[in-house]
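A.B. asks: Numbers 14 to 305, taken from the working numbering, label the letters of the sequence shown in order.
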Amino acid sequence: MVMPTELAEDQRAHVARYARGALVAADALGRVPTPLEDVTAALKLASPQDLFDLGDVPPGLARRLRRLAAKVVGAFAVRERVIYLDHTQHPSQRRFTHGHELGHCGLLWHDDAYYCDDPSDIDPDTHAELEAEANAFSAELLFNLDTFTDRAHATRLGLAKALQLADVFDTSRHAAIRRYVEASPRACALLVLGQFPVFPGGRLSLKVLRGLESASFRARYGPVTSCLPTTLPVDEIPLARDAPTALRGQAPTPWWPGASARSTAAAARSTCTMRSTPTPTEPSFCCSPGAA
Ligand SMILES: [Zn+2]
Numbered sequence: 014m015v016m017p018t019e020l021a022e023d024q025r026a027h028v029a030r031y032a033r034g035a036l037v038a039a040d041a042l043g044r045v046p047t048p049l050e051d052v053t054a055a056l057k058l059a060s061p062q063d064l065f066d067l068g069d070v071p072p073g074l075a076r077r078l079r080r081l082a083a084k085v086v087g088a089f090a091v092r093e094r095v096i097y098l099d100h101t102q103h104p105s106q107r108r109f110t111h112g113h114e115l116g117h118c119g120l121l122w123h124d125d126a127y128y129c130d131d132p133s134d135i136d137p138d139t140h141a142e143l144e145a146e147a148n149a150f151s152a153e154l155l156f157n158l159d160t161f162t163d164r165a166h167a168t169r170l171g172l173a174k175a176l177q178l179a180d181v182f183d184t185s186r187h188a189a190i191r192r193y194v195e196a197s198p199r200a201c202a203l204l205v206l207g208q209f210p211v212f213p214g215g216r217l218s219l220k221v222l223r224g225l226e227s228a229s230f231r232a233r234y235g236p237v238t239s240c241l242p243t244t245l246p247v248d249e250i251p252l253a254r255d256a257p258t259a260l261r262g263q264a265p266t267p268w269w270p271g272a273s274a275r276s277t278a279a280a281a282r283s284t285c286t287m288r289s290t291p292t293p294t295e296p297s298f299c300c301s302p303g304a305a
């Protein structure tokens with residue numbers, strides 16, 4: 014499994030150009046949810062096959078895929094030009110994986126990198142970067158370049174629009190929230206807070222797990238995680254107090270003993286927070302495209 018890495022802005026823009034090309038070739042620009050089957054056909058690939066149903070796959074490839082199947086949710090057999098997907102994934106997760114594998118096909122330099130007998134020969138940093146590029150390609154497809162951002166930011170800042178558009182674009186809520194912030198033309202940030210309270214110095218607090226901010230936020234304030242302490246005392250920072258209910262709407266009872274109940278209005282103000290669980294965790298980026 015390769016952990017995702019962050020891409021520089023120029024890399025992201027470069028990937029987006031290729032995603033645009035694929036969308037144009039599929040006549041899918043502005044069509045939502047993005048018809049991935051059309052993009053697949055435009056890239057001259059057949060419909061993805063089930064990772065667990067190897068049927069008449071050549072024995073050598075079948076062996077490799079069986080080995081992968083225990084660890085991955087999708088694969089792109091570079092030489093055979095076939096995408097394999099684990100169809101037991103949640104549909105929105107499967108779409109993300111599908112877009113990711115299309116990235117390994119649509120980003121032309123990936124062929125050279127993965128066209129080897131053993132993908133473990135690839136330098137780990139290079140591998141991580143290629144995976145991140147495939148993730149970025151998938152996001153560009155699923156959010157149809159700027160279509161999501163244009164719609165999402167045509168209204169007041171808040172998570173509600175991102176969550177609503179997740180259904181429209183057929184993506185996970187997690188991916189939609191991340192895109193909402195990452196591509197925002199406005200200064201906004203996302204904090205991922207731990208689900209379980211911690212008690213530094215005896216004070217009920219939530220731990221900051223990670224943060225994400227828009228470019229304009231970063232330019233103005235720096236990384237959001239540098240703006241706050243690593244744990245947020247609930248009795249001092251409203252953000253921490255409101256976070257647990259931000260995605261739950263009305264919550265008539267406290268979510269843990271001793272916490273005060275919060276109003277819907279308070280929850281609605283928490284536009285830049287989310288829980289780390291039980292909302293969907295990050296998409297699993299653990300595909301291994303080097304089967305050959
Ligand atoms: Zn991959």
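Virtual Cβ for every residue (Gly too), placed ideally from N, Cα, C.
Quick check: the Cα distance between Arg108 and Pro251, rounded to an integer number of angstroms?
C.D. replies: Position 95 of the sequence shown, counted from the first residue, corresponds to residue 108. Position 238 of the sequence shown, counted from the first residue, corresponds to residue 251. Rounded to the nearest angstrom, the two C-alpha atoms are 36 angstroms apart.
A.B. asks: Applying the 10 Å Cβ sphere with the 16-neighbour rule, what's the burial state of Pro236?
C.D. replies: Translated into the one-based positions of the sequence shown, residue 236 becomes position 223. Exposed, since its Cβ has fewer than 16 Cβ neighbours within 10 Å.
A.B. asks: Should Arg191 and Leu225 be called a contact, given that it needs their Cβ atoms to be closer than 8 angstroms?
C.D. replies: Taking the first residue of the sequence shown as 1, we reach residue 191 at position 178. Taking the first residue of the sequence shown as 1, we reach residue 225 at position 212. For Arg191 and Leu225, yes; Cβs fall inside 8 angstroms.
A.B. asks: Quick one: is Tyr234 buried, meaning 16 or more other Cβ sit within 10 Å of its Cβ, or exposed?
C.D. replies: Here residue 234 refers to the residue found at position 221 of the sequence shown. Exposed, because fewer than 16 other Cβ atoms sit within 10 Å of the Cβ of Tyr234.
A.B. asks: Quick one: what's Tyr97 bridged to in DSSP?
C.D. replies: Against the sequence shown, residue 97 aligns to sequence position 84. Tyr97 pairs with Gln62, Ala88.
A.B. asks: State the CB to CB distance for the pair Val181 and Val28, rounded to an integer number of angstroms; the pair is presumed to be in contact (CB under 8 angstroms).
C.D. replies: Translated into positions along the sequence shown, residue 181 becomes position 168. Translated into positions along the sequence shown, residue 28 becomes position 15. Going by Cβ atoms, the distance from Val181 to Val28 rounds to 23 angstroms, so no, they are not a contact pair.
A.B. asks: So, for Ala33: in the same chain, excluding its five sequence neighbours on each side, which residues have a beta-carbon less than 8 angstroms away from its beta-carbon?
C.D. replies: Numbered from its first residue, the sequence shown carries residue 33 at position 20. Before going further, note that residue 33 is Arg rather than Ala in the sequence given. Excluding positions up to five away in sequence, the list reads Leu42, Glu153, Leu158.
A.B. asks: Does the distance between the C-beta of Glu226 and the nearest non-hydrogen atom of ligand 1 fall short of 7 angstroms?
C.D. replies: For the purposes of this step, residue 226 is taken as residue 213 along the sequence shown, with counting starting at 1. Every heavy atom of ligand 1 is 7 angstroms or more from the Cβ of Glu226, so no.
A.B. asks: Give every residue of the same chain whose Cβ lies closer than 7 angstroms to the Cβ of Ala149, excluding the five residues on either side of it in the sequence, and list them in chain order.
C.D. replies: Stepping through the sequence shown from its first residue, residue 149 is reached at position 136. Within the same chain, Ala149 has close Cβ partners Leu20, Arg25, Val28.
A.B. asks: Can you tell me whether DSSP reads Glu226 as helix, strand or coil?
C.D. replies: Working through the sequence shown from its first residue, we reach residue 226 at position 213. Strand at Glu226.
A.B. asks: What would DSSP say about Val247, mapped onto helix, strand or coil?
C.D. replies: Numbered from 1 along the sequence shown, position 234 holds the residue referred to as residue 247. Of the three classes helix, strand and coil, the one that applies to Val247 here is coil, per DSSP.
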